Each structure stands twice: as structure tokens, then as C-alpha cells.
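**Q** Have a look at this one.
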Amino acid sequence: MYYIDYDPFVLPFTLGVLALLVMLFWKFFQWWDKLQPEDRIVIRTGLRSGKLLAILKEVFLESLIHRRMWKQNPLQGYMHMTFAFGWFMLILIGNVESRIHSGVEFNMPYYPIFFKFFLDSNEGLPFSKSFTFIMDFFLLLVLSGLVLAMFKRVNAKLYGMKKPAKPEAIDRIALTALWFIFPLRLLAESFTSAVTGTGGFLTGNLGEFLSGWLPARLLAYPAWWSYSVALSVFFVCMPFTRYMHIPAEVLLIYLRHLGFKPSKTYDFFSVVEVNSCPSCGVCVESCQLKSSLGHGNIVPAYFLRGLKKDREDMQAVNECMLCGRCQQVCPVGIHVNDIRIQRRDLLNKQVVFNYPYLPPPDHQKADVVYFAGCMTHLTPGIKRSVENILKAAGIHYLFLDKEGGICCGRPLQIAGLWDSARQLVESNQRLIRQSGARLLLTSCPICLKVFREEYDLRIPVMHHSQYLVQLIEAELINVAFSSREVSYHDPCELGRGCGIFEEPRQLISRIAGLQEITAGREKSLCCGGSLGGLSLSFQERKRLASDALKQLLAGQPDLLITACPLCKKTFQPLSPVGVMDIAEFLYTAMEQKTRTAQPEVLINCNETVAVL
Amino acid sequence: MMTKTVAVIGGGPAGMEASKELAFNGFQVVLLESGARLGGHMNQWDRLFPNKRPAGEILESLYRNFPGSITVMTETNITSIGRNADRFILRTAGRDVIEADALLVCTGFRVFDAILKEEYGYGIYDNVITSVDLEQWFKEKRPVLTSHGRVPATVGFIHCVGSRDEKSGNLHCSKVCCVTAVKQAVELKEKLPEARIFCFYMDLRMFGLGYEELYKESQEKYRIQFIRGRLSEAFENMDGSLMAKVEDTLTAKPLRINLDLLVLMVGFLPSDGTAAIGSLLGLTFNPNGFLQPRDGHLQPHDTEQQGVFLAGSCKGPKNLEETLADARSAVLRIRQYLTN
Amino acid sequence: MKIEGKKRLWQQYQKEIAGDRYFYVRSCVRQNFFPGAEAVFLKIMQDELGKDVYENPAHTSCTGIGYHCDIVPFDTAMTVVARQFSLMAEAGYENFVTSCITSFGLYSEVLETWNHFPEKQEQAARFLHEATGRPFARPSNVSHASDIIYKYRHEIAARAQYRLVNSLTGEPLKGVEHIGCHYAKMFPSKGVGGAEYPYVLVGMIEEWGGEVVDYPERRHCCGFGFRHYAVRANRGYSLSCSRKKFESMQPYKPDFILTNCPGCPMFLDRWQYVISEMEGKTYGPGNEGIPVLTYEELAGLVLGYDPWDIGLQVHQVSVEPLLKKMGIAYDPDGKYLGPGGKYLGRPENPANIYFV
Amino acid sequence: MPRWGYKIHEDRQVIWEEGDFSLVERIRLAEPSLCLCISCGTCASGCTAAQFTDFSLRRVIIQLQRGRIEEVRQEIDRCMLCGKCILTCPRGVNTRHLVLCIRKELSGDVLY
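Chains as they are written, first to last, in our numbering: chain A, 64 to 675; chain B, 33 to 372; chain C, 95 to 450; chain D, 586 to 697.
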């Protein structure tokens, strides 16, 4: 027989938790509705799959420890960890402690939270010293994070941010409640422990100190009330604030382990991703539209918040260049590029372009199909260099779009027009397949990405920066090293988009001195010419390009090398130094004797493939 | 040595600027003007392209530091020009006799008489005006209204009226009308923000720095619409508005449009003074009736007559910058001539 | 509209019109469709004004229709024209008067060609001589018959029995005028008032008490267009041109259309009927059409001639509403009676347009 | 009409006032650079789609400005949105976005 400890002050907390649970279930039910039946089965059976351990491990590392955040920014990582991990431990250990004390498995949910209130003394409590120490320790941990969090609001620069993400009114309420929770708990426990002597090194000493000059007995009860109310306010607000990311991220980790990926449409997974955004604001600093143009509203922290609240910002959907810098730094790993394209897909639901006029494929055969891409036709130096190099290396190739080709379809896809793009993809796919080629070579990273991801070609697809390096290594072409210093700009679609960072660097290092820059590789900047952005004006694009150039040319290189016709065309008019595509650069460095084609050494098909 | 005298014929911007410079260079200057006051066409102009600078500022600067030593004779028409050795003897209608060692002809231009372009209805239809009329309205701060007192909702500017038109007898391009049309269209749009304003053009010749920028601004900020097509004829509708017929050459379709006000961009023709003085002096006229310098590139101020020099738009259409620069350059040439 | 502006312009386009001793050549089209018109001209000239007008039965078509249909070469046309001039000289006349506007245009074109290319004149003289053995001659004055009526509009007004005034309201009747394209568009200086705002018909209407209304498509072609009408499949162009004019003039509520060209009254008159049949649309008040008159017919009405004597019964658009407005007494039963009371027959009643 | 053997032709003349300018006004709000077009035809001459069909963005823009929506509708969906024209337009018209906006408007999708 036991009796239930109860005091009216627990009511706000208990009702708050109840409201939270109802809200969470309601939300989840809504999301669940978006799911395909087969996906529902995957989710239902997921818990029974062998992945549970791995899932729990990642939840622990990411949701509690905030490993990725640590990597991004240790101070922020620590701050987030103290809140998440500290609070989690307070709950966990509080539960254990209270259960041991009450000796029953079932507790009222408020009981562990307000345990100290109901505890008259530590007498007879097993491991009471250890428990009070541990509980005080984690409370201190959380409080240390709180101090950092408060400090962040005052001075975000210390955290590597110009400004923290701007909270909305409801976020402010929840934040204030959150900030009050732990100091109030500290006060409540301290006042109570001054009377009961149940406190540890923190609460006990503070209680003793406070009771020296304050009526602790009198203040304890209101402190517990305030603590309960603060908790209640936080829980009631939570589903409507960025703190929704706490449950959502756990779900997200679960889904990812079950193999869920972003699809072409805005679906269940997208909603979970959107809700997993903690508005930490790391992305704010990564966005060039924010830094160069001040278009802050388009950064994911705000864009996703708008989506969460059904207040979509059209500018954020259409203006974004899809450079992927924000995605690269996101501690939660939200695929915000995909989400933006999904939103474009929704906004353009009825838009269809039609291409009944596309020509049927002809029947030319070749080992290598070279597809320059629409943009490359505006930079003839690139296609001429690639062709000359291929000829010099004796490659049997077919220039598929020599007289101009069909667009690869990527520009339509990034506008969310998948069905229209399908027509182009299929046309090009037929053309490439019938050539019998064993390799598809392109000069345009935009095409590269779509060839790799959306085409069913069953042959390797390479960007010329990859292929040319292989030609050098196979000694089919010889290059001369010059003492020039160059800077290399990683095109978004080539680098972050297709993960090609090394080959261009290998190639350049063979020819000239390569300056590494801070905004290189994964941190590479958008040139401003991206087709990802739909509505950005010409002047705005120019400003992006000028700002990016400043960083690219910080080391005062002799030349700026890039590997995308669009980047080249964007930078060229604004750059004080020459801008060259990597193929053009290579061609200028080729030794004279290999610069002319040798028809008699044309390599046959098998050898070509061996080269690859 | 006796101070040499230069007679400057024509008191527009070129004549005034040249007179000042000649006087600063120590010459005696007689400035002859057939009109009542100096300043020429600048007197009728409100603001200038491309920066909408008030024309008054230019006039003021032309008058500023105007040397007292210059003899200014307004309302003076020259009836004969004779020579006595190296000196010119000019007789005026008022029986004055002026002697000079050199003559500078700055007789300028007149605008095309839009009445001659009968099919456009200037002087016949109530709501057809010229660019000069509109500028006058601007200058007088007259509200822009149709003859029926309504605020025009649609206004059309017709480029090349009397220019590049052999049927009007003029083959030449008057150069400045394109940018003037854009300037006036912008000014009109500022006054009538609700109006739809159209420019009907053959080519847009934005030859000067800042002109293309003004054109772009007129499209972007003021939303002036440019339709490539030359007006063939205009008609009056019952309500006094005009029905204009052009071919919209970019869609290759004839277009009919109703306009409340039609502004004709009248071109440059040689002024009566240019024709008269040119004949008196026996100078060469180019096929468009302007005075022909001896060598357009290398001797732009010299004529077949020794001691007779040319400056400004008597030689052909010029904007103000070119006119003033030409006047100053003519002074250098005259100084060289008179000091040798 | 600033009438003083028009007047200023008209003063620039004053042409010389011979005063007497005319050699008159007929119009191919008018003789057939509006034969009364030419008869009225001769009657006014000879009976009212006492002028010497001579017609030679040997004169032919000027070939203008063939020339503008691209089936008669210009050299041939010049030779035919030279023959007409030769006939005139043979009869001892110098003042050439044409009934047809296209003839007027062709004669003017030929003479201007001869002025600019004397070798063409020599060639025409040679061809004329080779073909007919006739001597070559040139007129001293070429006028269109409407120029003559214009010149004597005051005299006609002085003898007028009726004026272009609504006899009930006293208001001037509103007329639109349509000048044949070949009258002044080719050589503006050869038309009274020039090409853009021709005065020749305006002068008559104003002098006889009416009021001219100008309308946007005034300068538009009547729709004849020669080849457009001559080829049946192309007649739609002709019809569409006329309709464009009717649509444009209708809001001005004209009481009549006045023309000076053979083709114009023909098409402006007949196409009103065709449009009414095709589309059910009419352009006058109620289901009436707009009566179309030649300048001679109008002069005849003003002088008090019997409408049926001057051939108004052959008009497709009934002229009775105009006659009523002018207060002209006419015999409705006499409309289809020819000389000697002989019944001429009457056309089938149209479906939509008012017809008496 | 067999009775006549000819018919009344529709006038080729475009009457400005009959144009539908509501579309161009809405498009202009979404893509203001539309006003900057000078009909130079650079967009059309290098157009990827124009190799295969007579699509001309220059013509589309003109027809849009003239309020000739049917003509716009007839050819707008041939564009591949490849964006070459953005790079070549001398006036910095955001041609690709313009096409998308027009297509959206004509399809009935929400235009911002």
C-alpha cells in the first residue's frame, strides 16, 4: 500500500505534458497521412529490424551529445549538449531515483520532476548521496549551458555567428520559459533542501546560504509553483516552436536508418526534416544571398520555419541559388535543396512544357560521347580545348551536341518541373545509348549531376576535369609545368553536387601552382550564375559574383580556374585576372608535340576503356 | 598692332561661347543676332537630356562673365557682305556697317515644320503637338491636357518627323530627337503617372554617354513602351483623340492605336540664317542644306572663303556639348588665322 | 479639328482648272453602273453653265483598269493615251476632262513620265504614228470632271433649288466624302486640296449647305483595288476594305456619302447591300443604308433635277431617305419607269437593308 | 458562303485596345526586368529549343507586351528553361524566370 504524493502545484506541469502529448500525436497523425502504404509498413516494422541499436546510438550522439554541432562549433556544441544531455539525464536519473525511493514501478509522471518537494529527508534513501550529487551535477551542467545561451543572445560573435537566428514571438515565450525552468528548479530545490536537508553540493549549499537571509520555508512553495508553471508553458508552446525539433529529429534519425531519402515530392520525410530544424542559425552565416545581398529571409532557418507554420516564403523558394552551402553546414543534415525543389514542384504543379518537336536519334557510334552542354556553347574555348585534347590523345569520340543539343533537363528539374524534364532526359538518353559509347563525358557540371542521378545510362559519366587527369596519367597527353599561381573555384554542382574536389586539383597541380583558399572544396562559393536561383536579378547576381571573386582572388593568383562554363561566364566580366576553364588551361599547358592529333595512333575501343 | 575684329554671326550657344572665348583671347568681337535676344533655341527649352538639367543653367553660364567689350547687336539682319582686301564689310538692314577681319558663322538650325508632314495632322488635329510645343508647356509649367481639357491617358511620341524622310526632303538623321523623346516621355510620365506613354521609332539612336542609361531607365522605372514602327498616318476620332496607324514591325502586323495626345519629334533643318549667310558668302552647302566645312575631319571650321569660319549646328545636327566644344575649337582656329 | 489648319493647307494645293472648251472622255465603269452621272455632267455644263464640252465617239478606254490589273503594259497605255490626246487636238480642243479618276491618274502619270523622260514621249509619238498615223499632241490642261464642278460650285449654288439642309430641322446634312485614290494620292499637287485633306468634294458640300464629317478611315481605299475585285476569290478583300470604312464612319451618322471616282460609289453602294445580306448589318438609321452619290448626281439634286432622270434608281442603297431630308418632291411610282414610262423592272427585295 | 464565292476577311490590323494587358501587368510584378527588353533577339538566336522549332522568346515577349495572349500561349511551352538566354541577354532580362512566370500564369498556378 502506498499513497500518491500530490500537491496542486503539479497540475500545470501535468496538464502541460498532457497537452504536449496530444499535440505531438495530432501532428504525427497528420504526417502519417502523407505516407505511402508501403512506407508505413517499413516504419511500423522498423523497430523490430536489427537497426535499433545503431539508431539509438545516433540518437544519443546527435540528439543528446550534438556531435555534428561540436564539429561545427565546439562552444555551440557544448551549449546544446548541456541542455539536451543534461536535461535528459536529470529526467532519467530522477526517474530512477524516485522509483527506488517509492519502491514501485509506476509513478505519477510529475513525481520524479518534483521529487525533492515530496521528499522530507534523505533518510532511508538508498544511494542518496550519489543521487543528490549526480542530480546536482547535471543541474549545474544545464545551468552552465544556460549561461552560455544567455550570453549568445548578447554576443553571438563568440559563437562564430554574426547574429543568432531571429526567434518569433512564440519562440521567445518558449525560450523564456526554458530559461526559467532550471534556475527555478535550482531555487525550489535549494529552498526545500534548506528545510529538509535533502540537497547536494549545489542545492544544499545554496539553500543554506539563502536561508541565512531569506525565509526559505515561505519561498519554497511558490518556487515549486513557478517551476511547474515554467515547465508547463514550455511544453504547451513546444509543438509550435523550434523546440519541436527535439522529437522530430529523433524520428528523422529513425527514418534515415530505415533508408528514407528525400524524394521529388514534398512528403512525410520532408515534413519530418522541416520539423527537425532547430533554427540554430548555423546556416545563416553560410548563405551568400544573406551576406552579399542581405536577403536573410531565404536562409533555411527561416525558410523551414515558414514551411513548418504553413507560411511559405515564395522568395525563399524561388530566389535560392541551390548552391548547397547551407546544407553542407547543417548540423541536422536537412536536405534543404531538395525541399526547395519539392516546393517549386508544388508551386508549379500545373506547369508543363512540351517538346514534341525533338528529333529522333541518328546512328553515329563512338567510344566516348562528349556532351558539351548548352552553356558550353557560349564558351567555345572550352569545347574546342576538350576536342583538341581528345583528338591529341587519339580518343574516338562523338561530339553529341556539336551543332547544339537538347538540354540535359537539369534546369527544368531544379525548377521543380520533373515531368517536363523527363521528356528531355529520355530524348538525350536514347541518343547516348544508341551511340554505343562506354563513357559519357561532359563539360558542364549541371549536366553531369543529372546524367549521373536521373539518367539510366549504365556507363560511367565523367566531367572533363576527371577524364583529362586520366589522360595525363595514361600519358596520352603531356603537359608542361609553369610557375604560375592559380586559384581554383569549385563549381557548386561539381564539388558539393557531385563530390568532385580532388581531380581538378590533381590536374591543376600538374600544370601550375595551386593556391588553396578558405572558401574552397565543400565551403566553395556560388559564382552567382547558378540556374538554381529563379528570380534573382542580374544586378544581384553580379553582386554575388563580385563578392565571391574577392575571396577567390585573395591570394592574388595569376589566373582563376574553374570547371563550369556558367562560373566562367559569370566571373569573366568582373574578374581583374583571367578566368579559364580547367580544360582550356590544360590545353594551353600541353606540350606542342602532343597538341596535334595523330590519326595513326587512334586507340581502339578496348584500349580506351582500359585508359578509363 | 591694331586689335583684330571678328564678327560672329548668330547668337545662339555656339555664337555666345565663341564670342566670349574670342574676347578672352583679346579680339574685338561683334556678335550679330537676328532675333530679339541671345541664347537661340536654348531660350525655348526647359530641361536638357540626358540628365534633365535646366536649360536656364546653360544660358546663365553663357551670360556669366560675358565681356563688356563684345558689341552685341540683336534684331540685326545682314543684307550684304563685301570685302576690302582682307577685311569684311557687313551691311545690315538697319544700315549699320560692320568691318571685321574674320567671320564666324554660327547661324544654327531651325526645326522641321511639322505641318509639312500633312498626314500627321499637325495644325489640323487638335491634339497633335511637336516636341518644341511640349517643351514650351514644360517651361511654362502648363498642365499637360488635351484640347478638351482632359488629362491624357495615352500619349504617343513619334520619332523622326522630318528626319530620315526623303519625302520630307531630308535624308539626314537629326541625332538628338531620339534622346529628346525619351527625356520628354520620362518628364511626361513624372507629371502623368497614370498615363501610358509610347514611343514609335524606326531606330533608337542613343549615341551619347548617359543616353542609353536614360532609355533603360525610361523602360524600367517609367515603363515607357517602345514600338518599332513609323507612323503612316493619324486620324482624329470623334472625341478628339487620335487614331494612329503604324506597322508594329517586330510582330510584322499593322497596328491601330488610339492616343489622346500625339507628340511629333521634329528634326533639325538648316536655319533661314544659315541658308541666307551661306548664299551671301557663296559657301558650299551639303546635300541636306547645312554648311559644308572644307574638310569635315581635318578643317572642320574652315570654308572655301578665306577668313570665314563655321561653328555649331549650321554644319549639321549637334547636341549642346558638341556645339559648345565646336565653338571653342573654332576660336582656336581663328586665333591661328589672325595671328599669322 | 482645326479648320483653319485645313484651309491653310488647301491654299497650298490650288490647281489650274480650265474654264471652258472641254474635251470630255468617259469612264468605262460609270457608263455602265451610273450612266446618269455623266449625262448630268453634260447637262449641267451645257445647259446650266453654257460651256463647250465636246465628246468624240471614237475615244476609247484609257486602259487604266487593265494597267492597274497588271495586264496592260505601260508602253501600251501611253500609246492609247497619246491617241486620246490626238483626238482632242484634231477636234481643236486643249482642255482634257476625264470622267474617271483612274483615267485622270493615268493621264497625269503619263504626262509626268513624258516630262521626266522625254524619250518616252518620243516613243509614244512614234508608236502612235506607227499604229494610227496620227499626229502627236499634248493637252494644255487636264482636269477631272469633279474639278470642273468644284470650279463652278458657286454658280451651281446660285441656281440651286434645294440645299443640303434637313428641310425639317434646318440642320445642315452631314456628308462624308470619298476621293478616288488615283485623284491625288499619286500626285498631291494635281488634286484640289492635296492628298491628305482633299477639298474638291468638301468644297461642293460646304457650298451647297451641307456639313462634312471627317472620320478615321477617310483615307482608306473604297475597296475596288482592281485585281482584288477583278478576281472573284479576292473580292473578300474589297468587301473588307469597304466594311472598314463603314464601321469607321457609322458613329458620325452621315446622311450621305459623296464620291468622285467610278469605282468608289459602286463599291460603297453595292457592298452595303452585300454586308447586309452576309451579316445582317446596316449602317444608316434603322435598317437603312447610307446613300452614296456621285458629285454630278448631288449637283443634279441640288439643281432640282428629277431623281429618276439622273439615274438614282440604279443605286442599291435607296436614296429616298436623303431625298426626304432635302425636301425633294419625287414620284415614288416613277422610280422604275424609264423614258416614255416604260417599266424597267425592279431588283429583288434584299433581306435586311431598307429598300424601296 | 457558296452564294457569294468570297467572304469578309478578318482585319490583319491589330487594334491595340483589344489586347489583354492583364497578363503582362501580372508578369511584370513577378519579373520587373521584362520592361528592359529591347527586342534584340539575342535570346532567340542562341536558343537551345530554337534549333528544333521556331520558338522565339523575343516574339513571345513582344506578343506579351502587345496583349496577344493566344500567340504567347501557342509557343511558350517549347522552352527548355536551359538558361542560355540569361547569359546572353544584353539588358539583363531574367529571361528564364520570365518564361516560367508566363507559363505559370497561363497554367493557372499561383504567381507569387
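In this text, a Cβ means the ideal position worked out from N, Cα and C, and glycines have one as well.
These numbers were taken from a predicted model, which means no experiment stands behind them.
Under 7 Å: does the beta carbon of A:Arg485 sit that close to some heavy atom of the ligand SAH?
**A** This structure lacks the ligand SAH; in fact it carries no ligand of any kind.
**Q** At which residues does the beta strand (DSSP E) containing C:Ala183 begin and terminate?
**A** C:Ala183 -> not in any beta strand (DSSP E); alpha helix (DSSP H) instead, spanning 168-184.
**Q** Please classify D:Ile593: does DSSP put it in a helix, a strand, or coil?
**A** Note: D:Ile593 maps to coil in three-state DSSP.
**Q** Using a Cβ cut-off of 8 Å (strictly closer), state whether B:Phe267 contacts chain C.
**A** Judged by the 8 Å Cβ criterion, B:Phe267 is in contact with chain C.
**Q** Between the region 198-208 of chain C and the region 126-145 of chain C, can you find at least three pairs of beta-carbon atoms closer than 8 Å?
**A** The region 126-145 of chain C is not in contact with the region 198-208 of chain C.
**Q** Nearest by alpha-carbon distance to C:Tyr148: which of C:Leu181, C:Val175, C:Gly330 is it?
**A** Of C:Leu181, C:Val175, C:Gly330, the residue nearest in Cα terms is C:Leu181.
**Q** Can you grab the Cα-Cα spacing for the pair A:Leu629 / A:Ile445, in whole Å?
**A** Rounded to the nearest angstrom, the two C-alpha atoms are 11 Å apart.
**Q** Count Cβ pairs between the region 283-300 of chain A and the region 222-241 of chain A that sit closer than 8 Å; are there 3 or more?
**A** Output reads yes: the region 222-241 of chain A touches the region 283-300 of chain A.
**Q** Are the beta-carbon atoms of D:Cys628 and D:Arg676 separated by less than 8 Å?
**A** Against a cut-off of 8 Å, the Cβ pair of D:Arg676 and D:Cys628 comes out as no contact.
**Q** Can you name the start and end residues of the alpha helix (DSSP H) that A:Cys510 belongs to?
**A** Counting along the chain, the alpha helix (DSSP H) containing A:Cys510 begins and ends at 508-516.
**Q** Give the residues from the region 324-335 of chain C that approach chain D closer than 8 Å (Cβ to any Cβ), ordered along the chain.
**A** Residues Arg326, Ala327, Asn328, Arg329, Gly330, Tyr331, Leu333, Ser334.
**Q** Which residues in chain C have a C-beta closer than 8 Å to the C-beta of B:Ile156? List them in chain order.
**A** By Cβ distance, chain C contributes Met95, Lys96, Gly99, Lys100, Leu103, Tyr291.
**Q** Which residues, in order along the region 269-299 of chain B, keep a beta-carbon less than 7 Å from a beta-carbon of chain D?
**A** The region 269-299 of chain B vs chain D, Cβ under 7 Å: Asp280, Leu282, Thr283, Lys285, Pro286, Leu287, Arg288, Ile289, Asn290.
**Q** Please give me, in chain order, every unbroken run of the beta strand (DSSP E) with length at least 3 that falls completely inside the region 607-660 of chain A.
**A** If we require 3 residues or more, the beta strand (DSSP E) runs fully inside the region 607-660 of chain A come out as 622-625, 641-644.
**Q** How many Å lie between A:Leu110 and A:Leu155 at the Cα?
**A** Rounded to the nearest angstrom, the two C-alpha atoms are 22 Å apart.
**Q** When you compare the CB of D:Ile593 with every CB in chain C, is at least one pair closer than 8 Å?
**A** With 8 Å as the cut-off, D:Ile593 counts as an interface residue toward chain C.
**Q** Ordered along the chain, which non-local residues of its own chain (more than five positions away) have a Cβ less than 7 Å from that of A:Tyr65?
**A** With a pLDDT of 49 at A:Tyr65, under the threshold of 50, the modelled position of that residue is not reliable, and the figure given next carries that caveat. These residues qualify, in order along the chain: Ser165, Val167.
**Q** Measure from the C-beta of B:Arg182 to each C-beta in chain D and report whether the shortest distance is under 8 Å.
**A** Not an interface residue.
**Q** Report yes if the C-beta distance between C:Asp363 and C:Leu267 is below 8 Å; otherwise report no.
**A** No, the pair does not count as a contact, with Cβ atoms beyond the cut-off.
**Q** Could you spell out the range, first to last residue, of the beta strand (DSSP E) harbouring C:Ser336?
**A** Per DSSP, C:Ser336 belongs to no beta strand (DSSP E); it is in the alpha helix (DSSP H), 329-343.
**Q** Excluding the five sequence neighbours on either side, which residues of its own chain have a C-beta within less than 6 Å of the C-beta of A:Asn669, listed in chain order?
**A** Its pLDDT being 42, under 50, A:Asn669 is placed unreliably in this model, and the coordinates cannot settle the point.
**Q** Express the C-alpha separation of A:Gly267 and A:Leu250 in angstroms, rounding to a whole number.
**A** Rounded to whole angstroms, A:Leu250 to A:Gly267 spans 10 Å at the Cα level.
**Q** What three-state label does DSSP hand A:Ser490 in the structure shown?
**A** Looking at A:Ser490 - three-state DSSP - the assignment turns out to be helix.
**Q** Check whether the Cβ atoms of B:Val137 and B:Leu323 sit closer than 8 Å, and answer yes or no.
**A** A contact, by the Cβ cut-off of 8 Å.
**Q** Just checking: is the beta-carbon of D:Leu672 within a distance shorter than 8 Å of some beta-carbon in chain A?
**A** For D:Leu672, the answer is yes, since a Cβ of chain A falls inside 8 Å of its Cβ.
**Q** When Cβ atoms are compared, which residues of the region 387-421 of chain A fall closer than 8 Å to chain D?
**A** From the region 387-421 of chain A, only Leu410, Asn411, Lys412, Gln413, Val414, Val415, Phe416, Asn417, Tyr418, Tyr420, Leu421 have a Cβ closer than 8 Å to chain D.
**Q** Taking C-beta to C-beta, are C:Ser412 and D:Asp596 nearer than 8 Å?
**A** Not closer than 8 Å, so no.
**Q** Taking only three categories from DSSP, how would you classify A:Glu556?
**A** The answer is coil: DSSP assigns A:Glu556 none of H, G, I, E or B.
**Q** Provide the residue span of the beta strand (DSSP E) that contains B:Pro286, from first to last.
**A** B:Pro286 -> beta strand (DSSP E) spans 285-291.
**Q** Taking DSSP as the reference, what is the three-state secondary structure of D:Met586?
**A** Its pLDDT being 46, under 50, D:Met586 is placed unreliably by the model, and the measurement read from it follows with that caveat. Reduced to three states, the DSSP call for D:Met586 is coil.
**Q** For C:Gly269, which of helix, strand or coil comes out of DSSP?
**A** Strand.
**Q** Grab me the residues of A:Gly641's own chain with a C-beta within less than 6 Å of its C-beta, minus the 5 sequence neighbours each way, in chain order.
**A** Leu622, listed in sequence order.
**Q** Along the alpha helix (DSSP H) that carries B:Met105, what are the first and last residues, could you check?
**A** Premise fails: B:Met105 lies in the beta strand (DSSP E), 103-105, not in any alpha helix (DSSP H).
**Q** Quick one, which of A:Ile244, A:Lys215, A:Met171, A:Ala232 has its alpha-carbon nearest A:Leu203's?
**A** Of A:Ile244, A:Lys215, A:Met171, A:Ala232, the residue nearest in Cα terms is A:Ile244.
**Q** Compute the Euclidean distance between the alpha carbons of A:Leu182 and A:Glu312, then round it to the nearest angstrom.
**A** Cα to Cα, A:Leu182 sits roughly 35 Å from A:Glu312.
**Q** Which chain B residues sit within Cβ distance under 8 Å of D:Leu642?
**A** By Cβ distance, chain B contributes nothing, its closest Cβ being about 13 Å from D:Leu642, past 8 Å.
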